[in-house]
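Scroll down for the structure; my scribbles are underneath it.
Numbering (the working numbering), first residue to last: 10 to 421.
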């Protein structure tokens with residue numbers, strides 16, 4: 010299919026010549042391999058203190074930081090935090106130092122780029138960033154081992170929370186650059202969750218060769234929402250142009266995710282968003298190096314009963330049943346193929362279900378989103394961004410609250 014296979018090949022050929030900043034060998038493997046053994050030391054230290062029994066402290070504790078697993082879980086369930094707690098977290102996570110490369114004007118332009126292309130970016134995020142990622146063993150086996158991705162309801166709740174964090178980040182009034190702002194806390198909270206999961210996996214599987222949710226995996230997570238979006242926009246929306254002829258908005262979008270990566274605990278040496286073109290090459294390399302491979306704590310090779318398409322298929326079913334107005338599953342699979350490409354869809358054993366009719370419907374929806382992006386160029390973009398972010402966040406909060414009540418009720 011031209012829009013998937015040929016488009017991916019055209020993009021891949023262009024990316025192979027892109028230099029990677031700060032890497033003398035220019036070999037993406039040399040970028041990722043050293044990062045497999047590094048977690049997030051500041052966050053890991055903070056989480057470890059929550060498991061130290063009272064009276065066994067070797068250094069005085071900040072009373073504004075969690076001191077037990079119970080207080081940590083209470084903190085993670087909060088949607089906002091006090092200035093004192095935010096300041097203490099910023100100090101503990103080494104987020105108090107000024108970031109000299111950060112340009113607030115570029116963040117503002119990145120948000121305008123997002124909202125001008127919101128329908129299209131949402132589709133790409135749903136069917137490529139998440140739809141493709143949920144069949145990635147390094148991701149879904151880790152989540153399954155921690156109970157975060159075991160039922161359709163938990164998948165839907167995780168999707169809602171991911172969407173909420175993205176909307177906070179893209180909200181012009183979200184306070185991403187302000188310690189304690191809603192967007193700042195939304196990103197930092199995910200960082201703490203990752204550190205907690207990392208600790209649990211290490212305890213459950215001692216003697217690991219690699220650190221779970223390491224710097225390479227965290228960099229790839231950032232790329233799944235940044236480079237996947239840019240790559241699809243260049244491959245599908247601007248297919249007549251040079252694959253690397255990026256707009257300034259795309260570069261600003263990359264700058265924003267460089268800062269999100271910084272807040273998320275990605276060290277500067279592993280930050281994949283220093284350069285927009287290089288970020289797309291790094292994503293391609295990560296998929297080539299690690300997709301279909303097991304995190305080493307579940308065994309190598311993958312368990313015999315592991316189906317790489319099972320989680321992706323469950324995710325697509327959830328999207329059809331809860332988020333896509335009861336669209337047929339084969340339509341969602343066609344969307345996955347459109348945005349993730351033939352190779353991923355084939356690897357999940359779903360390519361045979363891609364029918365011409367549903368491919369045509371998927372492309373019509375894609376074209377509608379593209380036309381919307383063109384039309385919104387003539388609106389008051391800042392006003393639209395503020396109103397859209399507020400409305401979307403309100404809807405998400407109601408849906409998350411409903412799902413949490415249903416999950417709590419079913420567990421009693």
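C-beta atoms are modelled at their ideal positions from N, C-alpha and C, and glycine is treated no differently.
For a minimum of 4 consecutive residues, which ranges assigned as the alpha helix (DSSP H) are wholly contained in the segment 316-353?
If we require 4 residues or more, the alpha helix (DSSP H) runs fully inside the segment 316-353 come out as 317-327, 338-349.
Look at the Cβ atom of residue 116, then the Cβ atom of residue 188, and state whether they are nearer than 8 Å.
Result no, Cβ atoms of residue 116 and residue 188 do not sit closer than 8 Å.
Helix, strand or coil for residue 59, going by three-state DSSP, please let me know.
If DSSP states are grouped into helix, strand and coil, residue 59 belongs with coil.
Grab the span of the alpha helix (DSSP H) containing residue 497 for me, first residue to last.
With the chain covering only 10 through 421, there is no way to say anything about residue 497.
Sort 91, 259, 236, 241 by Cα distance to residue 280 and report the nearest one.
Looking at the Cα atoms, 236 is the closest of the given residues.
Suppose the cutoff is 8 Å on Cβ atoms and the five residues either side in sequence are ignored; what does the same chain contact list for residue 343 look like?
Answer for residue 343: 363, 364, 367, 368, 370, 371, listed in chain order.
Taking residue 52 and residue 201 to be in contact with their CB atoms under 8 Å, please state how far apart those CB atoms are, rounded to whole angstroms.
Correct: roughly 6 Å between the Cβ atoms.
With DSSP collapsed to three states, give me the class of residue 409.
In this structure, residue 409 counts as helix in the three-state DSSP scheme.
How long is the line joining the alpha carbons of residue 74 and residue 80, rounded to whole angstroms?
For residue 74 and residue 80, the distance between alpha carbons rounds to 9 Å.
What's the call for residue 130, buried or exposed, on a 16-neighbour Cβ count within 10 Å?
Burial call: buried.
Answer with buried or exposed for residue 126, where buried requires no fewer than 16 other C-beta atoms within 10 angstroms of its C-beta.
By the neighbour-count rule (16 or more Cβ atoms within 10 Å), residue 126 is buried.
When DSSP labels each residue in this structure, what does residue 115 get in the three-state scheme?
Residue 115: helix per DSSP, three-state reduction.
Are at least three pairs of beta-carbons, each pair with one atom in the segment 227-245 and one in the segment 182-197, less than 8 Å apart?
Not touching, per the Cβ criterion.
Among 206, 174, 288, whose alpha-carbon lies nearest the alpha-carbon of residue 406?
When each option's Cα is compared against that of residue 406, the closest is 174.
Alpha carbon to alpha carbon, how far is residue 353 from residue 177? Give it in angstroms, no decimals.
Between residue 177 and residue 353, the C-alpha separation is close to 30 Å.
Please check the pair residue 255 and residue 278, which I expect to be a contact at CB under 8 Å, by giving their CB distance rounded to whole angstroms.
Residue 255 to residue 278, Cβ: 24 Å. No contact.
Spatial neighbours of residue 337 within its chain, please: CB distance less than 8 Å, with the 5 preceding and 5 following residues excluded, ordered by chain position.
If we look at residue 337 and ignore the five residues flanking it on each side, its Cβ neighbours are 329, 367.
Beta-carbon within less than 6 Å of residue 294's beta-carbon, same chain only, minus the 5 sequence neighbours each way: which residues are those?
Counting only Cβ-Cβ distances below 6 Å, and skipping sequence neighbours, we find 37.
Among residues of its own chain, excluding the 5 on either side of residue 49, which ones have a beta-carbon nearer than 6 Å to its beta-carbon?
Contacts found: 204, 274.
Within the continuous alpha helix (DSSP H) that includes residue 241, where are the two ends?
Residue 241 -> alpha helix (DSSP H) spans 224-241.
Quick check: the Cα distance between residue 415 and residue 160, rounded to an integer number of angstroms?
Rounded to the nearest angstrom, the two C-alpha atoms are 13 Å apart.
Pick helix, strand or coil for residue 357, following the three-state DSSP scheme.
If DSSP states are grouped into helix, strand and coil, residue 357 belongs with coil.
Are there three or more Cβ pairs, one per stretch, closer than 8 Å when the segment 221-230 is compared with the segment 39-46?
As far as the Cβ criterion goes, the segment 221-230 touches the segment 39-46, which means the pair count is three or higher.
Could you pull the start and end residues of the alpha helix (DSSP H) that residue 165 belongs to?
Per DSSP, residue 165 belongs to the alpha helix (DSSP H) from 161-179.
Residue range of the alpha helix (DSSP H) that residue 33 falls in?
Residue 33 -> no alpha helix (DSSP H), and no H or E assigned at all.
Nearest to residue 184 by alpha carbon, out of 263, 95, 128?
Of the candidates 263, 95, 128, the one whose C-alpha sits nearest the C-alpha of residue 184 is 95.
Helix or strand or just coil, what does DSSP make of residue 142?
DSSP places residue 142 in helix when its eight states are reduced to three.
Do you know offhand how far residue 230's Cα is from residue 348's?
The straight-line gap from Cα to Cα measures roughly 17 Å.
What whole-angstrom Cβ distance do residue 98 and residue 197 have, given they're in contact under 8 Å?
With a Cβ gap of about 6 Å, residue 98 and residue 197 count as contacting.
So, for residue 90: in the same chain, excluding its five sequence neighbours on each side, which residues have a beta-carbon less than 8 Å away from its beta-carbon?
Cβ neighbours of residue 90 beyond the five flanking positions: 84, 98, 189, 194.
Can you tell which of 179, 206, 384 has the C-alpha that lies nearest to the C-alpha of residue 402?
Answer by Cα proximity: 179.
Please determine, among 112, 24, 59, 135, the residue with the shortest C-alpha to C-alpha distance to residue 266.
Closest by alpha carbon: 112.
Using the three-state DSSP reduction, which class does residue 255 fall into: helix, strand or coil?
If DSSP states are grouped into helix, strand and coil, residue 255 belongs with coil.
Can you give me the C-alpha to C-alpha distance between residue 355 and residue 141, rounded to a whole angstrom?
Taking the straight line joining both Cα atoms gives about 11 Å.
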